[in-house]
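Comments concern the structure below.
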Amino acid sequence: MNTDYRPVNINLLKIRLPISAFTSITHRLSGMYIFFITFPLSVYLFKISINSNSDFINLIESLENNLYLSTFVAFSYLVLWYHILTGVRHLIMDMHIGESLRASRLSSLLVLLIWFISVIAFTTVVYL
């Protein structure tokens with residue numbers, strides 16, 4: 000008789016994660032996004048921008064006129080900014096500062112608050 004009552008199929012959408020676990024998981028996911036999307040995009044945009052003056056002007060015009068492209072580029076760099084913020088949080092915790100559950104929760108909320116304020120400020124400046 001099997002007395003193992005572990006769940007066979009875990010539904011991650013039904014599990015209520017603490018906010019610190021959410022920021023840790025999204026830090027890892029943002030790192031993957033940066034590696035596979037933001038970094039190649041940055042290299043490509045940099046290559047285009049240094050080819051010639053006309054290529055640079057064409058790139059600027061493309062970013063100004065194409066809402067989808069500019070939103071994609073902006074989103075990619077906002078993911079990078081989120082990754083930097085959560086990375087600094089992890090580095091501070093690696094120095095044994097703010098390791099308690101309460102401090103971890105507060106630092107996660109602070110990171111999310113700073114990131115959301117940054118997103119609002121960025122979109123206000125760029126798109127208005």
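Under numbering that gives the first Met the number 0, the first residue of the sequence shown is numbered 0, with each subsequent residue one higher. Positions of the beta carbon are idealized from the N, C-alpha and C atoms, including for glycine.
Cα-Cα separation between G97 and S19, rounded to whole angstroms: The count along the sequence shown starts at 1 and reaches residue 97 at position 98. The count along the sequence shown starts at 1 and reaches residue 19 at position 20. So the alpha carbons of these two residues sit roughly 12 angstroms apart.
Same chain, Cβ closer than 8 angstroms to W80, five either side skipped, listed in chain order: In the sequence shown, the residue the question calls residue 80 occupies position 81. Excluding positions up to five away in sequence, the list reads W114 and S117.
Cβ distance (whole Å) where L68 is taken to contact S61 below 8 angstroms: Numbered from its first residue, the sequence shown carries residue 68 at position 69. Numbered from its first residue, the sequence shown carries residue 61 at position 62. So it is a contact: roughly 6 angstroms between Cβ atoms.
Straight-line gap, I33 to V124 (C-alpha atoms, nearest Å): Translated into the one-based positions of the sequence shown, residue 33 becomes position 34. Translated into the one-based positions of the sequence shown, residue 124 becomes position 125. Rounded to the nearest angstrom, the two C-alpha atoms are 23 angstroms apart.
Backbone CA spacing between G30 and N52 [nearest angstrom]: Taking the sequence shown and counting its residues from 1, the one referred to as residue 30 is at position 31. Taking the sequence shown and counting its residues from 1, the one referred to as residue 52 is at position 53. A direct Cα-Cα distance of roughly 32 angstroms separates G30 from N52.
C-beta contact flag for T37 and V78 at 8 angstroms: By 1-based counting over the sequence shown, the position of residue 37 is 38. By 1-based counting over the sequence shown, the position of residue 78 is 79. Against a cut-off of 8 angstroms, the Cβ pair of V78 and T37 comes out as a contact.
V110 and L90 closer than 8 angstroms at C-beta: On the sequence shown, residue 110 is found 111 positions in, with the first residue counted as 1. On the sequence shown, residue 90 is found 91 positions in, with the first residue counted as 1. Not closer than 8 angstroms, so no.
Cβ-based neighbour list, S107, same chain, cut-off 6 angstroms, excluding 5 preceding and 5 following: Taking the sequence shown and counting its residues from 1, one reaches residue 107 at position 108. Hits under 6 angstroms: I18, S19 and T22.
Nearest-angstrom Cβ-Cβ length linking I47 and L40, presumed shorter than 8 angstroms: Taking the first residue of the sequence shown as position 1, residue 47 is located at position 48. Taking the first residue of the sequence shown as position 1, residue 40 is located at position 41. 11 angstroms between Cβ atoms; not a contact.
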